[in-house]
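Chemist:
Number of protein chains: 4
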Amino acid sequence: MKVVFIGVGNMGGPMAVNLHHSGQEVIAVDLSEVLREQMRAEGLATAESPLDVCEGAGAVVTMLPHDQAVESVYIQSGLLDHLEEGTLIIDCSTISPSQAKRLHEHGEQAGLAVLDAPVSGGVAGAKAGTLSFICGGTNEAFERAGPILKGMGSNVFRAGNAGAGQIVKIVNNMLLAIQMVGTAEALSFGVDNGIDPKVLSDIMKVSSGQNWCLDKYNPWPDVMTGVPSSNDYQGGFLVKLMQKDLGLAAQLSRASGSSTPMGGLAMSLYDAYARQSDNNANLDFSAIQRLFRGEL
Amino acid sequence: MKVVFIGVGNMGGPMAVNLHHSGQEVIAVDLSEVLREQMRAEGLATAESPLDVCEGAGAVVTMLPHDQAVESVYIQSGLLDHLEEGTLIIDCSTISPSQAKRLHEHGEQAGLAVLDAPVSGGVAGAKAGTLSFICGGTNEAFERAGPILKGMGSNVFRAGNAGAGQIVKIVNNMLLAIQMVGTAEALSFGVDNGIDPKVLSDIMKVSSGQNWCLDKYNPWPDVMTGVPSSNDYQGGFLVKLMQKDLGLAAQLSRASGSSTPMGGLAMSLYDAYARQSDNNANLDFSAIQRLFRGEL
Amino acid sequence: MKVVFIGVGNMGGPMAVNLHHSGQEVIAVDLSEVLREQMRAEGLATAESPLDVCEGAGAVVTMLPHDQAVESVYIQSGLLDHLEEGTLIIDCSTISPSQAKRLHEHGEQAGLAVLDAPVSGGVAGAKAGTLSFICGGTNEAFERAGPILKGMGSNVFRAGNAGAGQIVKIVNNMLLAIQMVGTAEALSFGVDNGIDPKVLSDIMKVSSGQNWCLDKYNPWPDVMTGVPSSNDYQGGFLVKLMQKDLGLAAQLSRASGSSTPMGGLAMSLYDAYARQSDNNANLDFSAIQRLFRGEL
Amino acid sequence: MKVVFIGVGNMGGPMAVNLHHSGQEVIAVDLSEVLREQMRAEGLATAESPLDVCEGAGAVVTMLPHDQAVESVYIQSGLLDHLEEGTLIIDCSTISPSQAKRLHEHGEQAGLAVLDAPVSGGVAGAKAGTLSFICGGTNEAFERAGPILKGMGSNVFRAGNAGAGQIVKIVNNMLLAIQMVGTAEALSFGVDNGIDPKVLSDIMKVSSGQNWCLDKYNPWPDVMTGVPSSNDYQGGFLVKLMQKDLGLAAQLSRASGSSTPMGGLAMSLYDAYARQSDNNANLDFSAIQRLFRGEL
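From first to last, the protein sequence lines are chains A, B, C and D.
Counting in my numbering, the first sequence tops out at residue 431, every number present.
Counting in my numbering, the second sequence tops out at residue 431, every number present.
Counting in my numbering, the third sequence tops out at residue 431, every number present.
Counting in my numbering, the fourth sequence tops out at residue 431, every number present.
Right under this line is the structure:
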């Protein structure tokens, strides 16, 4: 199937390449000639504007940085009106549920099938083709998107109707932030009282304190190998991206009037940490451990 | 080995019975004749005071409700001085690390081997013999205690030296409280935005939001069977016991000057919830879900 | 001077009447015929649309409920282009700073002088003519607005340039929320420990715990007369309005990346309180006292 | 009247001197010969032990650093039993209410009149004789203490019965911490959004955001003269002393089961700030402003 893939940066680039290797006919679209050149080097066709190549496309996949980019690419550009009826729209961007719902509405008015499908797994998952997709839309759109999503990732979930993918991603990442800050606080508390961080982690991992951070992403340096905390908090999921997701959670909680005290506090602690040094926002989000250690 | 087991209430009773069945010669000690009678019905010898039966004991095991009871049973009573040199003391109570260290000091002065060994697993784990013991003390004391602890539980961890068992239990339970409140907040937030709580739980369980609560103890009613949330929050680990453990964490954080913002907030939310209705303190701690649902 | 006053509801109505009594030629504009009739009963001229009456106006004053209403009345309607060059725009609505800045930009492009001038003092202050205005805009616009603002209130502050009025109001109200929740928490804490709430309030009022709430708006029932807490928390500044203002603070903190842990927590506690009973959102914001007392 | 004043350090020293100048016959007691020498230089009689000089004393005044010192000086030493019946005990230390109540009980058993009378006003107030005393005890003891307290301070409050002075001081200081952190957070938030800190402070001081910090102790550098924030946060009320008082609040809230989310969060933020640099604990408590500015 001809798939127009818009936005081939750090995340979108490897996703488009994997999709190409899965057997789809992918055309990579980006305003950046540098990125287009990288895609051509991987064997993909490219274009500067989706309007030039969307004829006959069976699906459009987007990986864009924020609400405004989604608004611009799909709605302000008139792209939705240029697509053939029934074309499948898969937006993998992490954006606000309200923007996602707006895309669903405009797409459905144009006779298209729309799926919001934000991902988790980061750049590493994008490269390895092991991303998870959390989808919102009709069951039919979800079924149709299956072969495309499986070409880029390993787990595909349907969270509900329009916008549900964004909502569940936001809620999951808020809980992740709570657990990361809580785990960092707990490890620091134990070490302050003379406990070895590895012993403490090992016991909590098989006790009621167990969580994903302790299992896969321990924030204390050198407790675990191959994680950002053991590499000066380089790489991984950056503090500034967690701030963005917690900001989406804050915005969503205003719309629904939900009380989110733990998520709100985690956000404020990330905000305070990011402020302490110019570089902190670009560290992995497990670097919040340093806030509790009194390190910059 | 002759083992004097002091404190045979809800937790200590089934522990003593299991220890008896594991082949040890257990003498159950309690001030309550009712509890002693229950122990005799299970085939155990009993006594009202440990001083009457401690001669020749190879080990003393205690399961007591608070610091003051530990102080009274071991130190004020003079029991430590009545035990033969080398006797093994295993205190399974959940108490402050400072009281635990005090017991170690007095015990060691009397030539005894002391282990602090608080448990997790609750009354159900005590009955099933599947408790976890988190121990603090010398490696030698830990090794000697193995056969006794294995007679009452399935997991035995050494957290470090004197008091380390209490510290790790406190830290673990603080993290558990953070995760339970965070999970309840996240589920409520998702439901407010139209997501099904079971779908949300299922996705987060295999994502970075995964934690013990989602896996074993979902706080939303009827997402999981056989947990307190699906039984009107009856039974389980009571709110008031979580308040006690969070209070021990607050006390310990004062001694070490540790910053525990998430744990402190979780405690305040439990305190506010317990205040809302006379019965709330006696519900399972997953009932904090109700605070976010606006239910009493 | 001819002044077009748009939005004459609970707040705007008495403001327009006071402005009329101060000697200005006020034309009250509202979509509601009921409200227009009330204005005519007070001797004001009225109109349904500002476009019908804006010719020759020296100033336009608006009191509108949210961003979208300001966007609609000024920008989408084309009103700005119908006003004579140099007309003074005074927007007294409490809206987001970004919307306020947008109004400034559009107004200045049309050759108008714009002031954002949100108020504090509530309906009582609006009726008594004792409102405070916190203004953002050029010094010239601020000077020109003086006579009009003094016709409706007693205190007029210039906070800075475009949007500064909204920003300072938001920051002030966030601090107010922190202090109200903090005061309620402190009073409850003291009473729990046997202290009389009036004695406690009297001592803190002349100590370092002093704040506006203790002085003017004690949240504990019957400590002070003539305040909502002594009248079942009826009237005053409603919980839902504080939630709105804290939502604006949350939104603004996302734009600036500011860490606002205390403000965020106050918001979450108001959100939790509002959820507990259908009526809570319509009580005065000092009713947060009840959250700490375990009352619905 | 002969008054034995025990503990003449930074606070107690100037208090004893002022009391001496007010006409009382003060004997300054301290273990430190250096401090006794300073007192003799001011014209006071001195002693190393209160037991040597308590005969004929009408009152004993103490200014000690913590619970254990109060326990030691009054109870373990046997001092209470050496005093004549009816002697007035005034303990100005800031200690736990439970320790204060213990002193009341032991004192009353010995036929003495006891008052807990913690102070506010700091070293500056001690020197200037402008301290405030917040007292707990019988009305009779309070009346008798009046002339002595007036010799050292300007405000004297009776908060209630035994321990009430300590409780009200703790509650007041918890609210102070909430307001200081809240004020620092609000100022930083405004400045992040382009508002001048002095303009913001001036507006909030006359609005509903008003509090003691804005009036007397602005945490933003150079908004106010003669306060620690304008002197690199030197002097004043140290971070470590606020941590001590917030620790007493945390301990008291455990005893009463009170929910103190804002106070708990303020404590955690002070704890985190104190950890960031070796010197932070010795800065004035308004230095929490730096946490929000991303400064060490």
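Glycine is no exception: its CB is placed at the ideal position from the N, C-alpha and C atoms.
Just so we're clear, the structure is a prediction, and the values are computed from it rather than from any experiment.
1) Are the C-beta of E231 (chain D) and some C-beta of chain C separated by less than 7 Å?
2) Assign A163 (chain C) to one of two classes, buried (16 or more other C-beta atoms within 10 Å of its C-beta) or exposed (fewer than that).
3) Any beta carbon of chain B sitting closer than 7 Å to that of Q411 (chain C)?
4) Let me confirm a value: E320 (chain B) is counted as buried when at least 16 other C-beta atoms fall within 10 Å, else exposed. Which label applies?
5) Assuming contact is defined by CB atoms lying nearer than 7 Å, are L179 (chain A) and V161 (chain A) in contact in what I supplied?
6) Which chain A residues sit within Cβ distance under 9 Å of S517 (chain C)?
7) Helix, strand or coil: which one does DSSP assign to A280 (chain B)?
8) With the cut-off set at 7 Å, would you say Q301 (chain A) and P253 (chain A) are in Cβ contact?
9) Using a Cβ cut-off of 9 Å, which residues of the stretch 397-409 of chain D contact any Cβ in chain B, in chain order?
10) Can you pull out the residues from the stretch 324-336 of chain D whose beta carbon lies closer than 8 Å to at least one beta carbon of chain C?
11) Going along the stretch 374-387 of chain B in order, which residues come within less than 8 Å of chain D, judged by CB to CB distance?
12) What do you get for D367 (chain A), buried or exposed, if any count of 16 or more other CB atoms within 10 angstroms of its CB means buried?
13) Give the interface partners of G392 (chain C) over in chain A, defined as CB-CB distance under 8 Å, in chain order.
14) Can you grab the Cα-Cα spacing for the pair D380 (chain D) / V143 (chain D), in whole Å?
15) Can you tell which of A:G158, A:G242, A:S233, A:L373 has the C-alpha that lies nearest to the C-alpha of V258 (chain A)?
16) Would the stretch 256-271 of chain C count as touching the stretch 284-294 of chain C if we require 3 or more Cβ pairs under 8 Å?
17) Work out the CA separation of G344 (chain B) and M315 (chain A) for me, nearest whole Å.
18) Three or more C-beta pairs closer than 8 Å, one from the stretch 138-153 of chain C and one from the stretch 386-393 of chain B: is that the case here?
19) Out of D:N153, D:Q378, D:I338, D:D406, which one is the CA nearest neighbour of I305 (chain D)?
20) Enumerated in chain order, which unbroken segments of the alpha helix (DSSP H) with a length of 4 residues or greater are wholly contained in the stretch 279-331 of chain D?
21) Tell me which residues of the stretch 141-172 of chain A have at least one Cβ-Cβ distance to chain B shorter than 9 Å, keeping chain order.
22) By a C-beta neighbour count over all protein chains shown, 10 Å radius and 16 as the cutoff for buried, is M136 (chain A) buried or exposed?
23) My output table needs one value for G271 (chain D): the three-state DSSP class, helix, strand or coil.
24) Give a yes or no on whether the C-beta atoms belonging to V358 (chain B) and S336 (chain B) are separated by under 7 Å.
25) What did DSSP end up calling F140 (chain D) once you bin it into helix, strand or coil?
26) Any contact of the stretch 190-208 of chain A with the stretch 223-240 of chain A, i.e. 3+ C-beta pairs under 8 Å?
27) For chain B, check one thing: does any of its Cβ atoms lie closer than 7 Å to the Cβ of G317 (chain C)?
28) The alpha helix (DSSP H) with V196 (chain D) in it runs from where to where?
29) Is the Cβ of A259 (chain C) closer than 7 Å to any Cβ of chain D?
30) Note down, in chain order, each residue of its chain lying with its Cβ closer than 6 Å to the Cβ of N346 (chain A), except the 5 sequence neighbours on either side.
31) Please state if the CB of A245 (chain D) and the CB of G271 (chain D) are separated by a distance shorter than 7 Å.
32) Let's test the definition: count the other Cβ atoms within 10 Å of the Cβ of R175 (chain D) and tell me whether it reaches 16, buried, or not, exposed.
33) Please compile the residues from chain A whose C-beta is within a distance smaller than 8 Å of the C-beta of R389 (chain C).
34) Between T395 (chain A) and chain C, is any beta-carbon pair separated by less than 7 Å?
35) Taking only beta-carbon atoms, is G429 (chain A) less than 7 Å away from chain D?
36) Could you name the residues of chain B that L426 (chain C) contacts, counting a contact when the two beta carbons are closer than 8 Å?
Modeler: So, to answer that:
1) It is Ser, not Glu, that sits at residue 231 (chain D) in the sequence shown. Output row for S231 (chain D): interface = no.
2) buried
3) yes
4) With a threshold of 16 other beta carbon atoms within 10 Å, E320 (chain B) meets it and is buried.
5) yes
6) Nothing can be reported for residue 517 (chain C), as the shown portion of chain C is limited to 136 through 431.
7) helix
8) yes
9) M397, G398, G399, L400, M402, S403, L404, Y405, D406, A407, Y408, A409
10) F324, G325, D327, N328, G329, I330, D331, V334, L335
11) Q378, G382, A385, Q386
12) exposed
13) Neighbours of G392 (chain C) on chain A, chain order: Q378, D406, A409, R410.
14) 21 Å
15) A:L373
16) yes
17) 10 Å
18) no
19) D:Q378
20) 299-327
21) none
22) Under this definition M136 (chain A) is an exposed residue.
23) Three-state result, G271 (chain D): strand.
24) yes
25) It is a strand residue.
26) Output reads yes: the stretch 223-240 of chain A touches the stretch 190-208 of chain A.
27) Cβ-Cβ to chain B under 7 Å: no for G317 (chain C).
28) Run containing V196 (chain D): none in the alpha helix (DSSP H); it sits in the beta strand (DSSP E), 194-197.
29) Interface with chain D (7 Å Cβ-Cβ cutoff): A259 (chain C) is excluded.
30) Q314
31) no
32) That one is exposed.
33) G382, A385, Q386
34) It does; some Cβ of chain C falls within 7 Å.
35) yes
36) A407
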